[in-house]
Amino acid sequence: MAARPRLPKLSLTAETAAGRHAMTVPVSELVVAGWTARDIAAVEHHIEELAAIGVPRPSRVPLFYRVARNQLQQGGALQVMGPETSGEAEFVMVAHGGELWVTTGSDHTDRKAEAQSVALSKQLCGKVVAGRAWRYAEVAPHWDRLVLRAYIREKGKRVKYQEGPVTAMRSPEDLIAGWTGGGALPDGTVMFCGTLAALGGIRPADRFAFELEDPVLGRKISHAYDVIALPVVA
């Protein structure tokens, strides 16, 4: 009998109303939702933003991309092939222990490959996840107050790259239903849920920082990583 594959694991600190505790999540499936904006005009803006760098229009919206689960990373550095990649701040849903948890991550993407195939570009770069998570049931009542932000290092300075409410994207319930056909998100599933337009346009940087802020409960989940571009040789 063949051995069952070992699942990659997310190490998270769960922050709940009852306090904090360590949480280890064996990841069975990684899903990246794309073109998730609620506002059709915003979807079109993001499509045009990507079209400007050669990315073809999607066949439908939203789309759900399967990505190899071993692409999940939580470190402070991300190695990529070549200089044409960039991060995207997203809220991330994690199903674990029969509950939904929310954290934040970066859907780092190879922009050169994206012009040929979005699905391929999603697979080529690691997906970085922060180290803390909130119980979704505890933030759902004020979900519309949560804010995503991202910063890049540009010419040696920290520059704001993205900012906006999580409600710019479809709700977690809507996206989960779109993926599962109406059922719950299975335990062990990690879902990236879409991103905001880049301030000043999509562009590479050697450092990417991202955060999810809950101003109602006065807390943030944040993470940052250096982008290390490996040489592309023929």
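For the sequence shown, my numbering assigns the number 5 to the initial residue and increments by one for each residue that follows.
Glycine residues also receive a C-beta, built at the ideal position from the N, C-alpha and C atoms.
Annotation for alanine 188: Ala99 and Ile180 place their beta carbon closer than 8 Å to its own, counting only its chain and skipping 5 residues before and after. Spatial neighbours of methionine 173 in its own chain (CB-CB distance under 7 Å, excluding positions within 5 residues in sequence) are listed in chain order as Thr40, Ala41, Arg42, Cys197 and Gly198. DSSP, reduced to helix, strand and coil, places serine 32 outside both helices and strands of the structure shown, so it counts as coil. Taking one beta carbon from each stretch, the segment 66 to 74 and the segment 28 to 38 have 3 or more pairs nearer than 8 Å; the two touch. Annotation note: the segment 24 to 103 contains the following uninterrupted beta strand (DSSP E) runs of length 3 or greater, listed N- to C-terminal: 33 to 38, 67 to 71, 81 to 85 and 93 to 100. Counting only runs of 3+ residues, the beta strand (DSSP E) found wholly inside the segment 124 to 161 occupies 131 to 133, 136 to 139 and 151 to 158, in chain order.
DSSP lists Ala154 as the bridge partner or partners of glutamine 166. Counted as a single uninterrupted DSSP element, the stretch harbouring threonine 171 is not any beta strand (DSSP E), since DSSP gives it neither H nor E. For alanine 201, there is no enclosing beta strand (DSSP E), as DSSP gives it neither H nor E. For aspartate 111, the secondary structure class from DSSP, reduced to helix, strand or coil, is strand. Between valine 59 and glutamate 118, the beta carbon gap of about 5 Å places them in contact (Cβ cut-off 8 Å). Residue environment analysis places isoleucine 156 among the buried positions, since at least 16 neighbouring C-beta atoms fall within 10 angstroms of its C-beta. By the CB criterion at 9 Å, valine 47 and valine 194 fall outside the cutoff. Between the C-alpha atoms of valine 170 and alanine 123 there is a straight-line separation of about 23 Å. A residue is called buried when at least 16 other Cβ atoms come within 10 angstroms of its Cβ; glutamate 52 does not meet this threshold and is exposed.
With a threshold of 16 other beta carbon atoms within 10 Å, histidine 146 falls short and is exposed.
Beta-bridge partners assigned by DSSP to tryptophan 105: Val98 and Arg139.
Here alanine 188 carries a coil assignment [DSSP, helix/strand/coil].
Contact annotation: arginine 61 and tryptophan 105 have beta-carbon atoms that are not nearer than 9 Å. By the Cβ-count criterion, glutamine 166 is buried, with 16 or more other Cβ atoms from all chains shown falling within 10 Å of its own Cβ. Its chain contains Glu142 as the residues whose beta carbon lies nearer than 7 Å to that of alanine 21, once the 5 sequence neighbours on both sides are disregarded; these appear in chain order.
Across the set Gly79, Gln120 and Glu177, the C-alpha of Gly79 shows the shortest separation from the C-alpha of histidine 227. Rounded to the nearest whole angstrom, the C-alpha separation of alanine 209 and methionine 97 is 26 Å. Across the structure, leucine 54 and proline 87 are spaced so that their CA atoms are roughly 17 Å apart.
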